[in-house]
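Throughout, our numbering is defined as the position within the sequence shown, counted from one, plus 1206. Report on the structure given below.
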Amino acid sequence: MIHAEGVAEVTDADFDNEVLAADLPVLVEFTADWCPPCRQIAPVLSAVAREEADRLKVVQLDVDTNPETTTRYGVLSMPTLMVFRNGEPVKSMVGARPKRRLLQELEDVLQPVPGR
1207 MIHAEGVAEV
1217 TDADFDNEVL
1227 AADLPVLVEF
1237 TADWCPPCRQ
1247 IAPVLSAVAR
1257 EEADRLKVVQ
1267 LDVDTNPETT
1277 TRYGVLSMPT
1287 LMVFRNGEPV
1297 KSMVGARPKR
1307 RLLQELEDVL
1317 QPVPGR
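See the structure below:
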């Protein structure tokens, strides 16, 4: 598993608890070891996880070892980035992207931070 630093790994077993029951919006990267774009986006996700920790939780799910969740959300391409808020998927994006573009795409789902 390509670990993005500061990004927790979730599994079929704890997905509901870690993602659906989370207080913050959660960005889930559906990823796989054999996926080159997943390696490309790992540092981007690490940076976003650090910079947006107060308004976004970022996690990874390995599609090869967690088929149940992957199938439940109809994920076919890696990496798929899915944002969940209040237990529901509210946004889905496929493929690696630069950090600036990712943050722009997340702007409408992130909670504004008081005083920012």
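Yeah, the Cβ is synthetic: ideal placement off N, Cα and C, and Gly gets one too.
{"query": "Sequence-distant residues of its chain with Cβ nearer than 6 Å to glutamine 1246 (five each side left out)", "result": "Ala1302"}
{"query": "Sheet register partners of glutamate 1215 (DSSP bridge)", "result": "Gln1266"}
{"query": "7 Å Cβ cutoff met for valine 1300 and serine 1283", "result": "yes"}
{"query": "Sequence-distant residues of the same chain with beta carbon closer than 6 Å to lysine 1305, five excluded per side", "result": "Val1250, Ala1253"}
{"query": "N-terminal and C-terminal residue of the alpha helix (DSSP H) that arginine 1291 is part of", "result": "Careful: arginine 1291 lies outside any alpha helix (DSSP H), inside the beta strand (DSSP E) at 1286-1291."}
{"query": "Limits of the unbroken alpha helix (DSSP H) element including proline 1273", "result": "1273-1278"}
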